[in-house]
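A.B. asks:
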Amino acid sequence: MVFDSIVIGHGPAGITASLYLKRANKNVLSIGKDQGILGSGKIVIENYYGHTAIKGEELASSSYEHAKKMGVELVNEEVLDISYEGELFKVTTNKNHFLGKTVLLATGAKRSKINIPGFKKYDGKGISYCVTCDGFFYKNKRVAIIGSTDYMIHELLDLRNITDDIIVFTNGEPLKEELKELVVREPIKEIIGNEEKVTSIATESNTYDIDGIFIAIGSPSALEFAKKLGVITNNNKVEVDERLETNIEGVFAAGDIIEGKMQVIKASYDGMMAADGIIDYLRNRKG
3 MVFDSIVIGH GPAGITASLY LKRANKNVLS IGKDQGILGS GKIVIENYYG
53 HTAIKGEELA SSSYEHAKKM GVELVNEEVL DISYEGELFK VTTNKNHFLG
103 KTVLLATGAK RSKINIPGFK KYDGKGISYC VTCDGFFYKN KRVAIIGSTD
153 YMIHELLDLR NITDDIIVFT NGEPLKEELK ELVVREPIKE IIGNEEKVTS
203 IATESNTYDI DGIFIAIGSP SALEFAKKLG VITNNNKVEV DERLETNIEG
253 VFAAGDIIEG KMQVIKASYD GMMAADGIID YLRNRKG
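Here it is, written out as structure tokens:
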């Protein structure tokens, strides 16, 4: 089955876009692992239209139920990758593969960080977040990948095509499956390097020489997906035009991942505008 649009994210931007697309009689799939920071139970909103005060998780839950009642197809899975399948987009989750004519990135601007001495100093100096983007520079070299989730396993599969010399660091987190690579389960004590780049990772009991590090902690954000697709980013924001389409035809972005205030009402507005852009794109798309 090919969807008119696959929306990545169950937050205000993603759900709003899904509603508008469904009302326009588009075959839309909305995928999300959770409802992000809004559904975390830590937020109370006091400046949203029609509410003197509402918990973020309550607003997220009611929005999700609204989309369900409207007939939006909702999938609660973790998106691991977005790639090209001919003229379509292939979205890979931890359970399935889906094909769409368009994709909307609306998962927020979160970027995985680790509180380890040396991390901030060498971020961008041998530390990368995208195997597809930067793996070529480490062909046949010794690299480390930090993570323990399905996302790390997915990135590891791509990394194996580049080098056989890989060390997996779980940083003290449990790993669900056995791997052929050397797996270091101890917490990382320090990331070490010279004036130019990282050179090693130290744990309590050992130091491991490496040429580069890939971060694959938790779940990927819209920024990671954007970079893999070749979308132009600036200061960790995705660049879009007036209809919220990126430089890649058929790829749209909305919410905290694009410029503007990080507010629920702004994210919802983005979702509406992105839906309008997608509808216009599909109207003029051949095939």
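Residues are numbered in this note's numbering as their position in the sequence shown, beginning at 1, plus a constant of 2.
Each residue gets a CB set at the ideal place from its N, CA and C atoms; glycine is no exception.
#1: Alpha carbon to alpha carbon, what distance is there between Asn173 and Asn117?
#2: Report buried or exposed for Thr209, applying the criterion of at least 16 other Cβ atoms within 10 angstroms of its Cβ.
#3: On the DSSP bridge list, what partners appear for Lys103?
#4: Quick check on the burial criterion: 16 or more other C-beta atoms within 10 angstroms. Buried or exposed for Ile260?
#5: Should Lys229 go down as buried or exposed, given a rule of 16 or more other Cβ atoms within 10 Å for buried?
#6: Take Ala204 as the anchor and find which of Gly13, Ile215, Ile164 has the nearest alpha-carbon.
#7: Apply the 10 Å Cβ neighbour rule to Lys71 and answer buried if 16 or more other Cβ atoms are within range, or exposed otherwise.
#8: Determine contact between the stretch 134-142 and the stretch 264-282, defined as no fewer than three beta-carbon pairs at a distance below 8 angstroms.
#9: Among Phe139, Tyr140, Val185, Lys122, whose alpha-carbon lies nearest the alpha-carbon of Ser150?
#10: I believe Ser32 touches Ala69 by the beta-carbon criterion, under 8 angstroms. Please report the beta-carbon distance rounded to the nearest angstrom.
#11: Between which residues of its own chain and Asp160 is the CB-CB distance below 7 angstroms, once the five residues before and five after are set aside?
#12: Among Val30, Ile56, Met154, which has the Cα closest to the Cα of Ser221?
#13: Return the bridge partner residues of Phe254 from the DSSP annotation.
#14: For Phe216, report the span of its beta strand (DSSP E) as first-last.
#15: Give me the Cα-Cα distance between Ile148 and Lys24, rounded to the nearest whole angstrom.
#16: Is there contact between the stretch 82-99 and the stretch 163-177, where contact requires at least three CB pairs shorter than 8 angstroms?
#17: Lys28 to Gly195, Cα distance in whole Å?
#18: Please state the DSSP three-state secondary structure of Tyr66.
#19: On the DSSP letters alone, give me the boundaries of the beta strand (DSSP E) that Leu177 sits inside.
#20: Just reading off the beta strand (DSSP E) that Lys191 is part of, what are its end residues?
#21: State the DSSP-derived secondary structure class of Asp125, mapped to helix, strand or coil.
#22: For a test of the three-state rule: what should DSSP assign to Thr165, helix, strand or coil?
#23: My assumption, with CB atoms under 8 angstroms, is that Leu106 sits in contact with Ala256. Please give the rounded CB distance.
C.D. replies: This is what the structure gives:
#1: 11 angstroms
#2: exposed
#3: In the DSSP output, where bridge partners are listed per residue, Lys103 has none listed.
#4: buried
#5: buried
#6: Ile215
#7: exposed
#8: no
#9: Val185
#10: About 7 angstroms separates the two Cβ atoms, so the contact holds.
#11: Val133, Thr134, Gly137
#12: Met154
#13: Leu106, Glu247
#14: 214-217
#15: 39 angstroms
#16: no
#17: 51 angstroms
#18: helix
#19: Segment: none, Leu177 is in no beta strand (DSSP E) and carries neither H nor E.
#20: 190-195
#21: strand
#22: coil
#23: 6 angstroms
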